[in-house]
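Under full-length UniProt numbering, the first residue of the sequence shown carries the number 1, and numbering increases by one thereafter.
All C-beta atoms in this analysis are idealised placements derived from N, C-alpha and C, irrespective of residue type, glycine included.
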Amino acid sequence: MTFPPDPNEILRLKALKDLEASKWLPNVTIDRVTAFARSHFGVPMCLVNLIEADQALVASKQGLDVSRLDRRIAFCSHTILQPSVLVVSDARADERFKDNSVVTGEPYIRFYAGAPLIYEGDVRLGSLCLLDTKPRSFSRGE
């Protein structure tokens, strides 16, 4: 699987470099956000990922022990191309993700909801992700 091209790739990578994002991680404030989101939405896993050139840097994690993901398998590579939340109710039924190694193997992701983290107008640095091992729905009311 390959990740889709990002028309703002150069701007995103420059912003991540300028912010020196990897230097301020881990961050207790971001961990509080992911802990709250995990609890509030009742999902077993929640992440904040920053999308670098070839990988997703895990800025915060709840329920999943990972610090980096290959960008080719990171759902967030698709999220940063969206104007709003990307919801995948059942990854096994989604052509973009059904053969993804995190769907076919550990941690067996079925549900994904990712909100892009937008910086200075329209630069999407990464995403806040809700993950579950069971298919589920997600609506604006949740």
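- Within 10 angstroms of the beta-carbon of Asn27 lie fewer than 16 other beta-carbons, which makes it exposed.
- The beta carbons of Lys61 and Cys46 sit closer together than 9 Å.
- The Cβ neighbour count for Val66, taken over all protein chains shown within 10 Å, is under 16; the residue is labelled exposed.
- Following the DSSP letters along the chain, one finds Ser39 inside the alpha helix (DSSP H) bounded by residues Val28 to Phe41.
- Secondary structure of Asp70 (DSSP, three-state): strand.
- With a beta-carbon spacing of about 4 Å, Leu50 and Gly126 fall inside the 8 Å limit used to define contacts.
- Under the three-state reduction of DSSP output, Leu13 falls in the helix class.
- Of Leu128, Leu130, Leu57 and Ala35, the smallest CA-CA separation from Trp24 is found for Leu57.
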